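Here is the structure we will look at, set down as C-alpha cells.
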Amino acid sequence: MPKKRWFFYPLSAAVGLLSGLFGAGGGVVAVPLLRACGLEADKAHATSISVTFPLALLSGYFYLKGEHLVLSDALPYLPGALLGALVGAWLLGRIGAVWLRRIFGAVVVFSAVRLLLR
Amino acid sequence: MSWITIGIASFLSAALGALGMGGGGVLVLYLTAYAGMEQLAAQGINLVFFVPVAAVALLIHQKNKRIVWSATVPCVILGSIGVYFGAKLAMLLGSQALSKLFGVFLLLIGARELLASPKKEGKQDKGKK
Numbered sequence: 191m192p193k194k195r196w197f198f199y200p201l202s203a204a205v206g207l208l209s210g211l212f213g214a215g216g217g218v219v220a221v222p223l224l225r226a227c228g229l230e231a232d233k234a235h236a237t238s239i240s241v242t243f244p245l246a247l248l249s250g251y252f253y254l255k256g257e258h259l260v261l262s263d264a265l266p267y268l269p270g271a272l273l274g275a276l277v278g279a280w281l282l283g284r285i286g287a288v289w290l291r292r293i294f295g296a297v298v299v300f301s302a303v304r305l306l307l308r
Numbered sequence: 060m061s062w063i064t065i066g067i068a069s070f071l072s073a074a075l076g077a078l079g080m081g082g083g084g085v086l087v088l089y090l091t092a093y094a095g096m097e098q099l100a101a102q103g104i105n106l107v108f109f110v111p112v113a114a115v116a117l118l119i120h121q122k123n124k125r126i127v128w129s130a131t132v133p134c135v136i137l138g139s140i141g142v143y144f145g146a147k148l149a150m151l152l153g154s155q156a157l158s159k160l161f162g163v164f165l166l167l168i169g170a171r172e173l174l175a176s177p178k179k180e181g182k183q184d185k186g187k188k
C-alpha cells in the first residue's frame, strides 16, 4: 500500500456498502479512493476490481440467502460477460477514455431519469 | 428480451466493467430501466454476471502487473462489513424504494462523468508516470 490516509477505512466500508446495496457501483468509490492513496490511474482501475470481486461474491451470498437471486437467471448473460471482459481489459491503457466517459455519462443520466420517472 | 439485446447489453456492461468504469451498473440499469425487471432481481443477476467479468479482468490485469494487492486486502476486509449492512438495507427497502435510490445514485455518477475535467486528469496521470 503506497500511502494510507485516514479516509481509507470508512471509504473501504462504503465500497462494500454500495456492493451490498446496489449489487454494483463499488468501483465508483474504490477507484478514486485508490487514486487518492497514490495509485496511478490504470493501477487504481485494475486494483478496484480485485476489491469489488470478493465483495460481489459476498453480496451474492447474501442475495442468495435472502432469496433475491436465482443463479440460473444469470446464465444468458454469461457469454457476453466473458467476451466483453476480454475486450474491456485489453482496452485498458490503450484508449483515451475521455470521449468514452462522456458517452457513458450521457447514457447513465438518460437511463437514470427514465428509472426515476417509471 | 431477445438473445441479441441480452448479448449486446451484457457485452457492453462487461467491457465497461473490465475497464473499471462503473460498467457493473450498466447491466442493472438495462435490466430495470429497459427490460422492466425488479430492482433486487436485477442486482442479484448483476452480482453473478460480475464474477466471470472480474475473473477475466483480474487475470489480464495481474499479467500486466496492474494490481496492488497490498491495497486490496484491507479494503476487502472493511468492505465486507459494508456488504453485510448494504445487503441488509437493500432487502429492508425493497425493490420499489431501492430503484429510486439507485436512480439518484446513477444521476450523481452520470453527472460526474459528464462534468469531469479531462485536462486535470491528464495532468495528474502525467505527473505520476
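For the protein sequence lines, the chains are A and B, in the order given. The first sequence begins at 191 in this note's numbering and counts up one residue at a time. The second sequence begins at 60 in this note's numbering and counts up one residue at a time. We put the CB at the ideal spot given by N, CA and C, even for glycine. Since we're looking at a predicted model, the values are computed, not measured.
Where residue i meets chain A, residues with beta-carbon distance less than 9 Å
i                         : result
serine 72 of chain B      : Tyr267, Gly270, Ala271 and Gly274
isoleucine 126 of chain B : Lys233, Ala236, Thr237, Ile239 and Ser240
threonine 64 of chain B   : Within 9 Å Cβ-Cβ: nothing; threonine 64 of chain B doesn't reach chain A, min ~10 Å.
glutamine 102 of chain B  : Leu211, Phe212, Gly213, Ala214, Ser249, Tyr253, His258 and Leu259
Proximal chain A residues relative to residue i, where beta-carbon distance stays under 7 Å
i                      : result
leucine 148 of chain B : Leu211
serine 69 of chain B   : Tyr267, Gly270, Ala271 and Gly274
Start and end residues, alpha helix (DSSP H) containing residue i
i                         : result
alanine 149 of chain B    : 128-174
glycine 217 of chain A    : 216-226
serine 61 of chain B      : Neither: serine 61 of chain B is in no alpha helix (DSSP H) and is coded neither H nor E.
tryptophan 196 of chain A : First-last for tryptophan 196 of chain A: undefined, no H or E at that position.
lysine 255 of chain A     : 231-255
Contacts of residue i in chain B (Cβ-Cβ under 8 Å)
i                       : result
arginine 195 of chain A : Neighbours of arginine 195 of chain A on chain B: none; closest Cβ ~12 Å, over 8 Å.
arginine 292 of chain A : Glu172 and Leu173
alanine 204 of chain A  : Gly141
Beta-carbon proximity of residue i to residue j, cut-off 7 Å
i                            : j                       : result
leucine 118 of chain B       : alanine 101 of chain B  : no
glycine 138 of chain B       : leucine 245 of chain A  : yes
leucine 157 of chain B       : glutamine 98 of chain B : yes
leucine 88 of chain B        : serine 301 of chain A   : yes
alanine 203 of chain A       : glycine 66 of chain B   : no
tyrosine 253 of chain A      : glycine 103 of chain B  : yes
alanine 74 of chain B        : leucine 224 of chain A  : no
phenylalanine 272 of chain A : proline 111 of chain B  : Note that residue 272 of chain A corresponds to leucine in the displayed sequence, not to phenylalanine. In this structure, proline 111 of chain B lies closer than 7 Å to leucine 272 of chain A by Cβ.
lysine 193 of chain A        : glycine 228 of chain A  : yes
Inter-residue CB distance, residue i and residue j (contact presumed, cutoff 8 Å)
i                      : j                            : result
alanine 113 of chain B : phenylalanine 243 of chain A : 4 Å
serine 69 of chain B   : phenylalanine 108 of chain B : 7 Å
glycine 169 of chain B : valine 299 of chain A        : 4 Å
Cross-chain neighbours of residue i in chain A, by beta carbon under 8 Å
i                      : result
serine 158 of chain B  : Leu305 and Arg308
alanine 170 of chain B : Gly295 and Val299
leucine 88 of chain B  : Val298, Ser301, Ala302 and Leu305
leucine 165 of chain B : Val298, Val299, Ser301, Ala302 and Leu305
Contact with chain E by residue i, beta-carbon distance below 7 Å
i                      : result
leucine 106 of chain B : Considering every chain present, this structure includes no chain E. Its protein chains are A and B.
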